[in-house]
Every structure is written in structure tokens, then in C-alpha cells.
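Residue numbers (the working numbering): 10 to 761. Cβ coordinates follow ideal geometry from the N, Cα and C atoms, glycine included. Worksheet for the structure shown next.
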Amino acid sequence: MKPLRLLGALVLLCVATLAQTNPVPMIYQPLLPVTVKPGNGAFMLTINGTGFVNPVVTWNGSTRTTYVISNSQVQAQISAADVANPGTAFVNVVNPAPGGGISNTLLFPIQTPSPSVVVFPAPGFSGSGVSVAGDFNNDGFADLAVADNTNTGNGFFINSYLGKGDGTFNPPFPNHSITPVAFMATGTFNKDSLVDLAVFDALDNTTIFLNHGSGVFIQRQVFHSPPFGLATGDFNGDGKLDLVVPGYMLEIFLGNGDGTFSQGTFTYGEAYSFFFTPAVGDFNGDGKLDLVVPDSGGNMLVFLGNGDGTFQQPVFYGSCNGGNSATTADINGDGKLDVLTNQGSILLGNGDGTFSCGREAKFGGPGVTFSPPLLGDFNGDGKLDVALETLNHAIYLSLGNGDGTFQPAIQLASDNATTLAIADFNSDGKLDLVGTSLYLQSPIIFSPASLDFGTQNVGTKSQPRNVTALNDGGSALPITSINIGGSDPNDFSQTNKCPSSLPIGATCPIAVVFQPQAGGSRSATLNVNYQGLGSPQTVPLSGVGAISTVTLTPAKLAFPIQLVGTTSSAQTATLTNTGTVAVNISNISTSGPFTESNNCPSSLPIGQSCQIQVKFEPVQKGLVTGNLSVTDDAAGSPQTVALSGMGTAVKLSAPKINFGNQQVGTKSSPAPVQVTNVGPTTISIYGISIKGLNPGDFSQTNNCKKSLRAGDSCTIQITFAPQVRGKRSASLHVSDNGGGSPQTVGLLGNGT
10 MKPLRLLGAL
20 VLLCVATLAQ
30 TNPVPMIYQP
40 LLPVTVKPGN
50 GAFMLTINGT
60 GFVNPVVTWN
70 GSTRTTYVIS
80 NSQVQAQISA
90 ADVANPGTAF
100 VNVVNPAPGG
110 GISNTLLFPI
120 QTPSPSVVVF
130 PAPGFSGSGV
140 SVAGDFNNDG
150 FADLAVADNT
160 NTGNGFFINS
170 YLGKGDGTFN
180 PPFPNHSITP
190 VAFMATGTFN
200 KDSLVDLAVF
210 DALDNTTIFL
220 NHGSGVFIQR
230 QVFHSPPFGL
240 ATGDFNGDGK
250 LDLVVPGYML
260 EIFLGNGDGT
270 FSQGTFTYGE
280 AYSFFFTPAV
290 GDFNGDGKLD
300 LVVPDSGGNM
310 LVFLGNGDGT
320 FQQPVFYGSC
330 NGGNSATTAD
340 INGDGKLDVL
350 TNQGSILLGN
360 GDGTFSCGRE
370 AKFGGPGVTF
380 SPPLLGDFNG
390 DGKLDVALET
400 LNHAIYLSLG
410 NGDGTFQPAI
420 QLASDNATTL
430 AIADFNSDGK
440 LDLVGTSLYL
450 QSPIIFSPAS
460 LDFGTQNVGT
470 KSQPRNVTAL
480 NDGGSALPIT
490 SINIGGSDPN
500 DFSQTNKCPS
510 SLPIGATCPI
520 AVVFQPQAGG
530 SRSATLNVNY
540 QGLGSPQTVP
550 LSGVGAISTV
560 TLTPAKLAFP
570 IQLVGTTSSA
580 QTATLTNTGT
590 VAVNISNIST
600 SGPFTESNNC
610 PSSLPIGQSC
620 QIQVKFEPVQ
630 KGLVTGNLSV
640 TDDAAGSPQT
650 VALSGMGTAV
660 KLSAPKINFG
670 NQQVGTKSSP
680 APVQVTNVGP
690 TTISIYGISI
700 KGLNPGDFSQ
710 TNNCKKSLRA
720 GDSCTIQITF
730 APQVRGKRSA
740 SLHVSDNGGG
750 SPQTVGLLGN
760 GT
């Protein structure tokens, strides 16, 4: 930052300012856009807030061309150079004198979007769990003020750590405090452009520490208050930051502009109730700051401001789940301020100072600390997320959906902090967290974060499944090796296309295959070694080895002679699961002039069977073969049944003739049998004869020639002349090259 240059610009603005006292502006989450990718190009940044009077937007302390839309919205021109590289900008809005001043700071990450968030504790840093972040020396890097509550005989300290912008800090500077610190808040209390501290302690005191630069904070004022939290804002519009101090009473301390405060005239108290960290914002759009305050009864109290440091009587909201710390943002993107508590309560603002209950956010963990929820875009998807500390000593993160709802919380780390601080401490464009440790985001993210291959037959290979590695850090990432480790490393294998140095924002695929060597649960890890924080990172791999078997019976199906162009009756094949796991069936098919239909499910349970009906549909004369094939995940897949059938082009008009009773020695009337060539080519007829048990009792005459053209017919006349009494039988035989020769007609009669 360049504070002198900034103040010079403000002096020029003062010339055009009317003789009025300008308020200290306040700005709200989200900035629009919430974030951009490195190399995004120039864009217009929209900032919503309260109390904008001839404002100018600053980006890392330097002014940007500002377009004033209203007293609650401004836009600033951000250049391509501002977002060319990963990093996080400090965004403020500044009102000129008289009064005026610098707003609260919002962080603008310049980062590559990632599907998830992974953090690791940075080496060499240990805190007390009570801390606050800010740029204390105006060098553009995030710094820390950390309470040291371990009195070694020299009293208590607030250690200021000046950040180097790479995740490390200069040696801490100890600033004396009075008693153990419970909570800290930041603000510019004496209008010198340096971030100061408001601290409350275990003896119900609030202490103001003024920043003298280079991490040196000097105590300015101590006043008694019974606080359970602190929040800042210019509640009387005089250009001086004030404090709201909740506790046994809700009190306002008005700033004098020199780092001291005077108790205001507004107090509010309820019997048997305590008040906790409030949300501050202009909830009804009248340009005056209001409060939403949680109390110990599970209520949210809405105090509308009068603009003079006092407030109207509160309106109670008792059905929105409560909480003990609240924060302000436009959570659902409708342009109206909402309130979010650390208990997951969401009050959706109507823009007129009233609220409705939003869907409760599931932050995870048994209860929460008094630490306010921290809002920011942690994964670069352009939606506000929320991080907080819970009573089970864990830091949780809920990714936002951008519509006022949040995804179920994931645990980022185990930590027993009282409060959390948020900033980008290593200039990679990703928001980091500080509890008792400094948690930096990993420079590499894997999607998916784990692979479960399900059940795979022992000795068979699964289809490859990809893990995508993304470098969403602030510099190229050297990858030194990728391998498989863990309990069953021989059951998994990997191939990858990752370079030795993965560029910023680039991805590379890692294909993993599961080939179980034994039955039962199998597990391993995909290990990626790189030069950077958290190396190596692992992706858990799991699967189940199974011995899966089926039977397909019979081994072959032979169909009788079938006329070309017609369909046979069905024959049945049965598929039975004889293994110990369900069999997944992916395909059932036939080859050749055969068709199938089946009642097989996609997954055949253990011990169950299904039937496959196969039909023969010859399209040409002669013997044809094919296969019924069942593709599944059982051993020996695909299972097959051999299929065969004879197609014939010779159609006989009747398969059987029964002449009935005929007196011995007499001859029946002729019974015609028509022979038709239904094939596409001429067939040859080699002979027509009567054979069987009693061939002499039957005779034939015909007009059939030696060849029969396609589509032509000829007729055979059959006569029955029994030689003896009783049942007589024979068969007509037609020999040809039409397929299935000889074709036969059964002949029956009874001699009387």
C-alpha cells in the first residue's frame, strides 16, 4: 500500500466536497465478481455498502477509477495487470474529509477454481487460537496479531507477526496487554490509515491499541465493559468508527477519532439474557447502520439505527435457530443484506429491515465457539463459503451454492482455537485460516478425492478411472513422482500424463486400474510427490475382489429345418449365478440368423437364474451357425451357446397327408402337394420318391422338372391304394439342392 499517495488523492477530492461530515463507509460481501482466475483481463468490480459520499475505491491501497452508482453502490475499473497473477487484493472504499475515512477491508482472491479445499498446517507457526489478520504495515502482505495468554511473569502480550507474503513471518513483536485476551477486532480508530486493534479481555475490559507501524501497537484507552463480542461501524455518521459491545447489556461506544471512545446514550438489556457478536449493516436501505444481535435465548434481535448512535426498539426473530455470533452478506444474491450465524441460522433480508428464515446451514460438529463465521470464496467458484471453529476442536468449511444455501460441512483440520482469522498469507490467491496453527491451502487438488472401484472379479482388470490433478497454487508445481502405496499396492496400477512441472492452473490425468489379486476388501493409495506444502498427497483407493461365476446351459442349441424368411419356435438357454456376488450383465446378443429375448436383469442376484429365448430366422438355404453371447463381469465372460440351423428354400404345401379309410384294392383320389421355390435363385430337383414302411401302398405323379426357378411352383399328386387292411404309412421325399434335402411329407391311411 501507499498511504501517503492515498491521502494525497483524498485531499484533492476534499476540494469538491460539500461542508458536511462524511461517514466512514462500510462495504459488504460479496464483491461482484467474487473472484476471477489469473489472467482474466480487465473487468468492472461492483461493491455494495453503506455511506458512500464522493468515494474512491482502493485496490491494495492504490486508487482505481471509481463510478458512483448510488450512496450504497460503486464500481471500480480493475485492469488486466491487477489480476494477471495469483494473489489476493485488499479492497476498500474511502470517503474524503471532512469526516470520511477508510471502510472495512474485503479480500478479493485471484485464483484457479478447484472442486474442493484441502489445508495443511504451515511449519514454524504456533498461536494461541485468539488472533486477527490485517495489513498492519501497509506493505500489501497479510499480517497477524496473536494473543499470547501464557503469562511467564512478564504479563500478557499481543504478538504482531508481519507477513512476508510467502506463508512465513518476521519474528513477532510483543505488545503488552493487561490480562488474557478473549477476542480482537480491527479498525482505523484514529484516522491515520493504519489498522488498529480493539481487544477485550477476561476482566470485562475493552482496550484500544493504536498501530504505530511496523507491528508496534501502543495502548490508548481501557474502558470497562462486559463484552461477549465486538463489532465496529460509524453508527452516528460523524466519520469516526464506533464500537458496539454486547454482553450483559448491549452498549455503543462512540469514537472520538483519536483512538479513544465515549460511552453513548444507547443501552439495551433484558432480564436473564446475554448478547453476543452482532451483524452490522444497513438492513432497511435508509443509509443508517443497523444491528442484528443474537441473545442467549436463541433469538435474533433486529435494531434499526436512527443514524445518531441510537437504535429503535428491537424486533425479535426466535424461530431461525439462533447462534452467538453473526455476520452480514448478501448470501442469496438478491441484492439485499442477509445475516448468517455460527449456529447455521440464516436470516434472509427483505430489504426493509425485516427478515425471513432461510434454510439452516449444516456446519457440522457439536456446537460452535463464540467466533463469528468467516465468509470468503475458498475454492474459487465465485460463491461465498463459510468457515468456523466448533466446540469439538475442529475447523469446518461449508461450500456455498450461491443461492442462500450451503453444502454439508467438511472438516478441514483439528484445532482448538477460540477465534479464526482469514487472509491469503502466501499470495497464491487462495484464502488461508489461522487457529492455533496457520493453515495454508494445498497447491494441488485432486478430483475426485478418492476412488472406490466397487466389486471386481479376482484377476480381472477394471476400466481405468481418472484422477485429475489441478495446480491451483501460485507458481508452477514440480512433480517428482507418482506411485501406488498402502495396504494392497499390487491390486492397483496407475499411468499418468503429468509433466515434471505442472503450470499454474493446469491439470493432468492419472488413470488408475483395479485388478484384485485376492477376494475381499482391497485398499491402497495413489501417492503424488511434489515440491511444496503437504507433499506427498494421497488419494485413497478401494475395491472388493470377488469370485463371480455363472453357467449358461445348454452348451448348444440345434434348430430343425426352417423355411427361409420364416421364424422358428423359441428354444431356451438358462443363465444361472453360481458365484458369491451378484453378476452384472452388460450385454446379451446373438450372431448369425438368430434372435433373442430375455428376462435377465442388469444385475443377477446370487443363486438366481434367468431365461434367454432364441429363435432361428434363416435368410438363405443351407446350414448356418451362430452364437448366443452373454457379456458380464463373471469369470470366463463372455459365456456362449453354439447355435445351428438349416435353412431351406423349398416350401411344401403340407407337412402331412392323412387319406383316412380306403377299401383294399381301390385307389383314392389324388391329393396334391405343391412344391415352391421361395429362394432368390433357381434350385435343382434331383428326384421325387416315396419311402417308408409301406411305400407300395402310395404312388405319385408330378409335373416338376429338373429345375425350379425362384418363385415358381410344381405339383405332386399322391394316391393311396392300400394292399392290405390296417394302418399304412410312408413319406414323400423330394431331393434337391434347396437346403435341408430331402424335404418330406408324411403319408397316412387305413386299409379297410
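Where Asp-210 is concerned, the enclosing beta strand (DSSP E) starts and stops at 205-210. Asp-641 carries a strand assignment under DSSP once its states are collapsed to helix, strand and coil. Here Val-521 carries a strand assignment [DSSP, helix/strand/coil]. Taking the CA atoms as reference points, Asn-636 sits about 6 Å from Thr-649. The alpha carbon of Asn-57 has as its nearest neighbour, out of Val-66, Leu-757, Thr-445 and Ala-51, the alpha carbon of Val-66. Per DSSP, reduced to three states, the secondary structure at Asp-437 is coil, with no helix or strand assignment. Assignment of beta-bridge partners to Leu-41 by DSSP yields Thr-55. Boundaries of the beta strand (DSSP E) harbouring Met-193: 190-196, taken from the DSSP string.
Within the segment 716-752, the runs of beta strand (DSSP E) that reach at least 3 residues and sit entirely inside it are, in chain order, 722-729 and 735-745. Here Gln-450 is buried: its Cβ has 16 or more other Cβ atoms, across all protein chains shown, within 10 Å. The alpha-carbon of Val-62 is positioned some 28 Å away from that of Ile-119.
A distance below 7 Å between beta-carbons, with the five flanking residues on each side excluded, links Asn-146 to the following residues of its chain, in chain order: Asp-152, Leu-171, Gly-222, Ser-223 and Gly-224.
At least 8 Å separates the beta-carbon of Ser-471 from that of Leu-429. Given a length threshold of 3 residues, each whole run of the beta strand (DSSP E) inside the segment 294-345 is given here in chain order: 299-303, 309-312, 324-326 and 335-338. For the pair Thr-587 and Ser-600, the Cα-to-Cα distance works out to about 26 Å. Here DSSP, grouped into helix, strand and coil, assigns Asp-500 to helix. Note that the segment 683-697 does not touch the segment 587-596; fewer than 3 beta-carbon pairs, one per stretch, sit closer than 8 Å. In the same chain as Gln-620, and ignoring 5 residues on each side of it, the C-beta atoms closer than 7 Å to its own belong to Thr-581, Thr-583, Asn-607 and Asn-608, in chain order. Within the model, the alpha-carbon separation for Ala-156 versus Val-190 is close to 6 Å. At a cut-off of 4 residues, not a single continuous stretch assigned as alpha helix (DSSP H) sits fully inside the segment 387-443.
Here the C-alpha atom of Gly-344 lies approximately 27 Å from the C-alpha atom of Gly-96. The Cβ neighbour count for Tyr-76, taken over all protein chains shown within 10 Å, is under 16; the residue is labelled exposed. For Asn-480, the number of other beta carbons within 10 angstroms of its own is at least 16, and it is reported as buried. Here DSSP, grouped into helix, strand and coil, assigns Ala-98 to strand. Note that the C-beta distance between Ile-694 and Lys-660 is not below 8 Å. Around the beta carbon of Gly-552, a 10 Å sphere encloses 16 or more other beta carbons of the protein chains shown; the residue is thus reported as buried. Of the candidates Tyr-326, Leu-550, Pro-498 and Gly-438, the residue whose Cα lies closest to the Cα of Gly-514 is Gly-438. Under DSSP, Arg-531 forms a beta bridge with Gly-552. According to DSSP, residue pairing for Lys-660 in a beta bridge involves Thr-685. By a beta-carbon distance limit of 8 Å, Asn-333 contacts Phe-285. Their separation comes to about 4 Å. For Tyr-170, the enclosing beta strand (DSSP E) stretches over residues 165-170.
Inclusion of Ile-261 and Phe-244 in the CB contact set at 8 Å is warranted, their separation being smaller than that value. Cβ-Cβ separation between Pro-382 and Asn-351: approximately 5 Å, consistent with a contact (criterion under 8 Å). Look at Asp-91 here: in three-state DSSP terms it is helix.
Ala-730 is classed as buried because its beta carbon has at least 16 other beta carbons within 10 Å across all chains shown.
Residue state for Gly-705 is assigned as helix, using DSSP reduced to three classes.
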